[in-house]
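Presented below is the structure to which this report refers.
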Ligand SMILES: [Fe+2]
Ligand SMILES: [Fe+2]
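Residue numbers (the numbering used here): 1367 to 1705.
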């Protein structure tokens, strides 16, 4: 069985670049020039991407094994079929071992990255459909591939987005809200996960880093709204923007192959989970009850009126709650149009 924790582990290992920037928040001291950018040294070439495997050729490239099966040929020979994927698509692979098909099949792990040596073939002939006849298959250790080659990830500059969040937190005047945000974003484990989490399974921002993109976009819309409506409580609105979807970190399970709803995501939904995560922090970081109620209200109502059935637990009843709801909706809707 594929250990579900493996996918998470690989994501963490492959996003060291992000982790280094995450430490910026904790250190709170370095200048922009100190940000370290790690080169993508083992990236797949464009010609090896699945979308370009459309002619007969010898190939030596890397893929995620998304699925595996044992089949029997018309001649009675057992062989292994693999669904191989990268961020551009999927292609079938066939492996014809001389013997021990079951033993080899057992060693192949769904969700892991493999180097495949073989030949791209058109099959059936003149069908325009291609597969790979694999001659050699080897699992790659996590430091020998770049995760972004295999799954859809944000194309935005993560460092810039993280710095935007850091500077927003630094600029807050309300010390209680600032301390609450720091208790999340100075927690290395939380911030690492936040920066790679998807924001959705099917709809807007359904890719690794989607939560970071969405959160910063909502935050920017909120900053525009506070210029238009200076009566809005800026610190409260920005805090809510940063925390409104953190429950998505628990609402989805994701690995090299797919993004799925977790059990608690299905049963509790991310609005409740976001609220619960904030409530848990409020046991350590004390803020006045009326302020925490305001913040939780914005989070629990950010999908709009209860009657529209989008998951709000309560109707938005404050100016900040209405502002965050529309900022959230605007970002999601516009992003959907560009998919
Ligand atoms: Fe949400
Ligand atoms: Fe959202």
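For every residue, glycine included, the Cβ atom is placed at its ideal position computed from N, Cα and C.
Mapping the DSSP letters down to three states, classify residue i as helix, strand or coil.
i: residue 1456; result: strand
i: residue 1437; result: strand
i: residue 1683; result: coil
i: residue 1462; result: coil
i: residue 1650; result: coil
i: residue 1415; result: coil
i: residue 1524; result: helix
i: residue 1664; result: helix
i: residue 1495; result: coil
i: residue 1538; result: coil
i: residue 1548; result: helix
i: residue 1426; result: strand
i: residue 1445; result: strand
i: residue 1500; result: strand
i: residue 1624; result: coil
i: residue 1432; result: strand
i: residue 1516; result: coil
i: residue 1678; result: coil
i: residue 1573; result: coil
Excluding sequence positions up to five away, which residues of its chain have a Cβ less than 6 Å from the Cβ of residue i?
i: residue 1658; result: 1648
i: residue 1423; result: 1486
i: residue 1620; result: 1564
i: residue 1483; result: 1426, 1501 and 1502
Report all residues from its chain with a CB closer than 7 Å to the CB of residue i; omit the five preceding and five following residues, and keep chain order.
i: residue 1576; result: 1520, 1564, 1565 and 1566
i: residue 1415; result: 1452 and 1454
i: residue 1545; result: 1651
i: residue 1506; result: 1428, 1479, 1480 and 1481
i: residue 1688; result: 1682
i: residue 1640; result: 1609, 1610, 1611, 1612, 1613 and 1665
i: residue 1583; result: 1697
Would you mind sorting residue i into buried or exposed? The rule is 16 or more other CB atoms within 10 Å of its CB.
i: residue 1541; result: exposed
i: residue 1515; result: buried
i: residue 1468; result: exposed
i: residue 1652; result: exposed
i: residue 1406; result: Below a pLDDT of 50, predicted positions are generally treated as unreliable, and residue 1406, at 44, falls in that range; no measurement from the model is reported.
i: residue 1497; result: buried
i: residue 1472; result: exposed
i: residue 1462; result: exposed
i: residue 1395; result: Interpretation of residue 1395 is limited by its pLDDT of 38, a score under 50 that renders its predicted location unreliable; no figure is taken from the coordinates.
i: residue 1535; result: buried
i: residue 1605; result: buried
i: residue 1668; result: buried
i: residue 1543; result: buried
i: residue 1492; result: exposed
i: residue 1465; result: exposed
i: residue 1555; result: exposed
i: residue 1436; result: exposed
Excluding five sequence neighbours on each side, which residues of the same chain lie with their C-beta closer than 8 Å to the C-beta of residue i?
i: residue 1495; result: 1488 and 1489
i: residue 1650; result: 1549
i: residue 1629; result: none
i: residue 1579; result: 1520, 1522, 1527, 1565 and 1571
i: residue 1686; result: 1598, 1599, 1602, 1603, 1606, 1660 and 1664
i: residue 1704; result: none
i: residue 1569; result: 1698 and 1702
Since residue i is in the alpha helix (DSSP H), which residue starts that stretch and which ends it?
i: residue 1488; result: Run containing residue 1488: none in the alpha helix (DSSP H); it sits in the beta strand (DSSP E), 1479-1488.
i: residue 1470; result: 1467-1473
i: residue 1561; result: 1554-1562
i: residue 1599; result: Element bounds for residue 1599: n/a, residue is neither H nor E.
i: residue 1589; result: 1576-1594
For the beta strand (DSSP E) that residue i lies in, which residues bound it at each end?
i: residue 1511; result: Careful: residue 1511 lies outside any beta strand (DSSP E) and carries neither H nor E.
i: residue 1612; result: Counting along the chain, residue 1612 falls outside any beta strand (DSSP E), and DSSP gives it neither H nor E.
Q) Which residues are close to ligand 2, meaning CB closer than 5 Å to any heavy atom, in chain order? A) That query returns the following residues: 1611 and 1694.
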